[in-house]
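The structure appears right after this line, and notes come after that.
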Amino acid sequence: MQRIPQQLIPLIIMIVAIIGSLITARTLLVPDSFGDLGHYRADNTGEVAALELSYAGAHVCADCHDDISETKRDSHHSGVACESCHGPALAHTEAPDEFIPDAPRGRDGCLLCHGYNPARPSGFPQILPGQHNPTKACLICHAPHDPQLPHTAEDCSACHREISNRKQVSHHSSVACTECHKATDEHRASPRIVRAEKPRKAEVCGNCHARGADSSREIPRIDMDTHGGRYICWDCHYPHFPETNL
Amino acid sequence: MKNNKPQMARREFLENCTRKLPGFFLLFSSLNTANILAANENDDYDHSAHEYAMGVSIHKCIGCGRCADACKRENKVPREGHYYRTWIERYIIPADGEAIVDSPDGGIHGFPEVKTGGDVLRSFFVPKLCNHCANAPCVQVCPVGATYSTEDGVVLVDDTYCVGCRYCIQACPYGARYLHPEKHVADKCTFCYHRITKGLLPACVEVCPTQARIFGEIGKRSSPLNRFARFNDITVLKPALNTKPKVYYAGADGEVR
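In order, the protein sequence lines correspond to chains E and V. One gets the working numbering by counting positions in the first sequence from 1 and adding 760 to each. One gets the working numbering by counting positions in the second sequence from 1 and adding 2 to each.
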């Protein structure tokens, strides 16, 4: 082996020192697994995935509380998870006697969803908390695991309150909604998907208001052939409040 | 010039350099890659086989705030203060003038009546959360690589690596990030990564009483998200920014931003 030339020795020392310090700095400063999958610490994905859970999931509750989950499954609250009202319950599944989840009995919990709010979708059952039995707990009349629809007398007005209020004080107060509209059970179940049928022809009004119609004598009559010309009845008369002229 | 041997030594030296130095580097880099899967799941969960996304149906949302509440409980987000990984906004569109948007306590305690002083055209709720953008501005700006997109399409924050510079909070066009008051690092929605990797639903989706939130995977026929996308006109928030969000909204009109 030959002697390394004099002039190379400081160069070699310098290069080795630089490379050595770079490698030391890299091993000390850059965490393990950094850059394995991208410009981040790949191990963190596993750390986040290993975080502690709080919510168990509805299917776990059904394992023990099968009676309640069966009742709820056929009710209007079928889509409401147990933990929506009872809070996180994973601790309860691990130690059923030590950790008891919340069982809200007051009005506040129910009102979060069922208190009247104009921004809620129309058709969603809501009450005015100040007028709807203000001192009573909801539980007294409504079973939370199997809540019932509004009374049938309120059928259409339960959702179409504004129209029903207007019609009540009009000459059409005694005309049932179903006289002109066809509302199926499907419409009641999913009002936005299955729409109620609206009249399309003037003959629907003519059933009562035409000259020869078989209806009470007080009802105003018009000649269906000449009245209104090319306009259809509800272009000028609002059917839910016919006294007004649009 | 006594002999030519030193020249040979130089050649030898250079040859040795090219041969041995890469090996030297490899030694160190192999030490780093050794841990690649050690900290990951002990089960057979495959990160690259998923791409998660969420659907939000605006006309189903009743603004009960159970999602925001469940999120705080599941992810141990501070109860006090305006820190939310998900929250609900109420939009009030007046007959004339600007839309009013509010979110008192993220919607957790409901929405008190607001006097607008004029006719209201319509009003609705919009649940918001991190959009887990495929082209995420927060990931681009993070100076240290603490915010990143996982293989399954979720944007996460490495809280042991974040320096708390708040750059990502500034960069997020959806306001989905906040600085954790105790940990002093950026924090945000993880799609409940600790739940979804175990096959559970995110806490907000789990508790939503009206199924306004749908969770699923992109490109899987069996995913509920597939059905959601087929039955709704879907849109994303701020599409013009080209962030490619993975939270899809149904029933969002032009006022939603």
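Just so you know, even glycine gets a beta-carbon here, dropped at the ideal spot from N, CA and C.
Under the DSSP definition of a beta bridge, V/F127 partners with V/R92. In this structure, V/C191 places its C-beta atom within 7 Å of the C-beta atom of V/T88. In the three-state scheme derived from DSSP, where H, G and I count as helix and E and B as strand, V/G221 is classed as coil. Taking V/D160 as reference, the option from E/H837, E/A802, E/R786, E/V929 with the minimal CA-CA separation is E/A802. Between E/I923 and E/H1000, the C-beta spacing is below 7 Å. A Cβ of chain V is located within less than 7 Å of the beta carbon of E/H799.
The alpha-carbon of V/F230 is positioned some 24 Å away from that of E/Y815. Per DSSP, V/T149 lies in no alpha helix (DSSP H) segment; the continuous beta strand (DSSP E) that holds it begins and ends at 149-151. For V/V141, the enclosing alpha helix (DSSP H) covers residues 139-143. Annotation: Cβ neighbours of V/Q213 in chain E (cutoff 9 Å, chain order): G839. Against chain E, a Cβ distance below 7 Å from V/G65 picks out N877, A879, R880.
At a cut-off of 7 Å between beta-carbon atoms, E/C919 makes no contact with chain V.
Residue-level contact by beta carbon holds for V/T199 and chain E, with a gap shorter than 7 Å.
At least 7 Å separates the CB of E/C842 from every CB of chain V. 7 Å or more divides the Cβ of E/H932 from the Cβ of E/P889. Closer than 7 Å to the CB of E/S930 there is not a single CB belonging to chain V.
For E/V808, the chain V residues whose C-beta falls within less than 7 Å of its own C-beta are L158, T192, Y195, H196, listed in chain order. Between V/Y163 and V/A173, the beta carbon gap of about 17 Å keeps them out of contact (Cβ cut-off 8 Å). Secondary structure at E/V964: helix, using DSSP grouped into helix, strand and coil. Taking the C-beta atoms as reference points, V/L123 is found nearer than 7 Å to V/A97. Between V/V58 and V/Y251, the beta carbon gap of about 5 Å places them in contact (Cβ cut-off 8 Å). Ranked by how close their Cα comes to the Cα of V/V187, the residues V/E76, V/E219, V/E208, V/V146 have V/V146 in first place.
Pairing E/H846 with E/D823 gives a Cβ-Cβ distance that is not under 7 Å.
Burial is judged here by how many other beta carbons sit within 10 angstroms of a residue's own beta carbon; E/N877 has at least 16 and is buried.
For E/G839, DSSP records no beta bridge to any residue.
Around the beta-carbon of E/M774, fewer than 16 other beta-carbon atoms lie within 10 Å, marking it exposed.
Around the C-beta of V/T245, 16 or more other C-beta atoms lie within 10 Å, and the residue is accordingly described as buried. Counted as a single uninterrupted DSSP element, the beta strand (DSSP E) harbouring V/L158 occupies residues 157-159.
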